[in-house]
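Step one of this worksheet: look at the structure below.
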Amino acid sequence: MSSLMWYIFDFARKAWADAFANAKNEPEISEKPDRFRDFPVVNKEYCIGCGACVSSCPSPNAIKLIRDEDSESGEGFTYPVIKLGACIRCGFCAEVCPTDPKTLECGENHLLMPEFNIIPSKRQYLVDDYLCIKCKKCLKQCPVDAISEIDGKVVVDQLKCISCGDCVKICPVSGAMKAVFVDNLQDQRDLILLCVEYLEDYINSKEEDLRSLEKNGLLQYDVPLSNIWDKALKIIPDEEVALEIITNAVNRLKVRIIDWDKSKCKKCQLCIPDCPTGCISFDEKEDTIVREKDRCLRCSICYQTCPFSVIKYFISKFSLDDGENIHVTVKASNLNEDIFME
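If you're matching positions, the sequence shown starts at 1 in full-length UniProt numbering and goes up one per residue.
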């Protein structure tokens, strides 16, 4: 028995020794795999400041929103920054980001460039290398053989693709085969921003409901899509495209809400120096605390600083599944619980 154990030990020792000695020459060790999910890369020019990335992050303090100082050329950018020491590379921030192209990239094909297609099409079909499981069902399903495997990756030939959508329907992994719009990217961004701002204003208008909401309670509303539909069509006149962009954005969106009752504020002003953007100030004429909503990052520092629990912090989620109503759910945030539960 002892001789057998020694044989196994000696074999394992030599195997590990060889692997260690040849580590630089072993592709599996020295080269990053194709589907490797790296630390998120931030494209701050695409950010709309919605804070969905911060709300989705399961790692405390791994991601936060900051705002550049305003200059003569315009307002400063609001965008997320990643603390690499706290980031666990889960990719949740990239998945919930509603902008397209993505503000956050984390191993997926988010930056899209239009390619020539002999058949005019609204959409371009492409494969997310990280999500693809190489089942090759799409290769068999494609009626014009536009999909092939090249160097171990599933690729769509845009010259052959007829945009029938069969590949998306047959794909067993949600999001692995994407049908994306590659035209009017700035218009798409404007449309998403319209949705975010409208939904935030709508929730803020429910002031009495928010202030009476109990710790473990929920607020639920159905907001008619028709409220913003006319404005949406002015940005993107194509109804099919507009509806799909709004649906995709709303279904992965989270919005954080900051609110406080000025009548209950003790005017201690502790929130003012702690605000990272300086959007909170004291109005001596009105004898009250003032918050500039356009500069506020909803970072929750004022909520954590207030010793009298006057400032309230809420998390809002949305869904649009029937094309008529946006379903809104709002909960009062317990920050410690949210870090581990969201």
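The beta-carbon is built from N, C-alpha and C at its ideal position, and this holds for glycine as well.
Spatial neighbours of residue i in its chain, beta-carbon cut-off 6 Å, leaving aside the 5 residues before and after
| i | result |
| --- | --- |
| H110 | Note that H110 scores 42 on pLDDT, short of 50, meaning its location in the model is unreliable; the coordinates nonetheless yield the value given after this. Taken in chain order, the residues that qualify are P101 and K102. |
| V154 | V127 and C132 |
| S281 | V290 |
| D157 | A146 |
Distance between residue j and residue i (C-alpha atoms, nearest Å)
| i | j | result |
| --- | --- | --- |
| S212 | A249 | 29 Å |
| Y313 | I258 | 5 Å |
| L243 | K285 | 46 Å |
| K331 | C161 | 45 Å |
| V41 | C90 | 13 Å |
| L219 | K137 | 42 Å |
| I170 | Y198 | 35 Å |
| S263 | C93 | 37 Å |
| C306 | P276 | 15 Å |
| G152 | D129 | 10 Å |
| G74 | L320 | 34 Å |
| L159 | K178 | 17 Å |
| K293 | D274 | 16 Å |
| R67 | C167 | 41 Å |
| I326 | S226 | 10 Å |
| E337 | D145 | Because E337 carries a pLDDT of 44, less than 50, the predicted location of this residue cannot be relied on, and no value is offered for it. |
| residue 354 | I88 | This structure cannot settle anything about residue 354, because the visible part of the chain is limited to 1 through 342. |
| F308 | T288 | 16 Å |
| Y202 | V81 | 28 Å |
| C57 | L270 | 27 Å |
| S174 | E240 | 21 Å |
| D238 | T247 | 14 Å |
| N204 | D183 | 33 Å |
| L139 | I48 | 37 Å |
| L210 | G217 | 10 Å |
Candidates the options, of which the one nearest residue i by Cα
| i | options | result |
| --- | --- | --- |
| E149 | I162, L126, K169 and G165 | L126 |
| Y79 | D201, L104 and V173 | L104 |
| G85 | C97, A62, F77 and C106 | A62 |
| G165 | I147, D283, L219 and K153 | I147 |
| N43 | Q304, C106, T288 and E72 | C106 |
| K317 | E207, I48 and P98 | P98 |
| Y46 | I315, S226 and L185 | L185 |
| V255 | C135, G323, D183 and C296 | C296 |
| P143 | E240, I315 and S163 | S163 |
| G51 | E324, E200, K140 and K83 | E200 |
| P60 | K83, G49 and C135 | K83 |
| K267 | D283, V241 and C279 | D283 |
| A176 | I272, C279, K134 and T247 | K134 |
Own chain, CB closer than 8 Å to residue i, minus 5 neighbours either side, in chain order
| i | result |
| --- | --- |
| residue 353 | The chain is shown from 1 up to 342; residue 353 falls before or after that span and cannot be answered. |
| L194 | I228, K231, A232 and I235 |
| E69 | G76 |
| D322 | none |
| E207 | D259 |
| G278 | R295 |
| I272 | I280, S281, F282 and I289 |
Whole-angstrom C-beta distance between residue j and residue i, which should lie under 8 Å
| i | j | result |
| --- | --- | --- |
| K64 | C299 | 6 Å |
| R252 | E72 | Not really, about 36 Å apart at Cβ, beyond 8 Å. |
| V196 | C265 | With 8 Å as the limit, V196 and C265 do not qualify as a contact, their Cβ atoms being about 27 Å apart. |
| P172 | E324 | 29 Å between Cβ atoms; not a contact. |
Close-in-space but distant-in-sequence residues of the same chain around residue i (CB under 7 Å, 5 per side omitted)
| i | result |
| --- | --- |
| N334 | K215 |
| Y221 | V328 |
| W260 | V310, I311 and K312 |
| S55 | K254, R256, I315 and E342 |
| R123 | S163, A179, V180 and F181 |
| Q141 | D166, C167 and I170 |
| C53 | I63, P80, C93, V96, C97 and L104 |
Cβ of residue i within 8 Å of any chain B Cβ
| i | result |
| --- | --- |
| N184 | Annotation note: the requested chain B is absent from the structure, which comprises a single protein chain. |
Any non-hydrogen atom of the ligand GTP closer than 7 Å to residue i Cβ
| i | result |
| --- | --- |
| K83 | No copy of the ligand GTP occurs in the structure displayed, which carries no ligand at all. |
* To do: Note down, one range per segment and in chain order, each alpha helix (DSSP H) of at least 4 residues found wholly within the segment 200-279.
  => 207-212, 226-235, 239-251 and 271-274
* Which residue spans inside the UniProt domain "4Fe-4S ferredoxin-type" (123-151) form an unbroken alpha helix (DSSP H) run of at least 4? -> With a minimum length of 4 residues, the unbroken runs of alpha helix (DSSP H) contained wholly in the UniProt domain "4Fe-4S ferredoxin-type" (123-151) fall at 137-141.
* Asked: Which ranges does the beta strand (DSSP E) cover as unbroken runs of at least 3 residues, wholly within the segment 291-340, from first to last along the chain?
  -> The segment 291-340 contains these whole beta strand (DSSP E) runs: 311-319 and 325-332.
* Segments assigned beta strand (DSSP E), at least 3 residues, entirely inside the segment 41-78 -> 63-67
* Segments of 3+ residues assigned as beta strand (DSSP E) that fall wholly inside the UniProt domain "4Fe-4S ferredoxin-type" (152-182) -> 153-156 and 177-181
* Secondary structure, alpha helix (DSSP H): runs of 4+ residues fully inside the segment 74-105 -> 92-96
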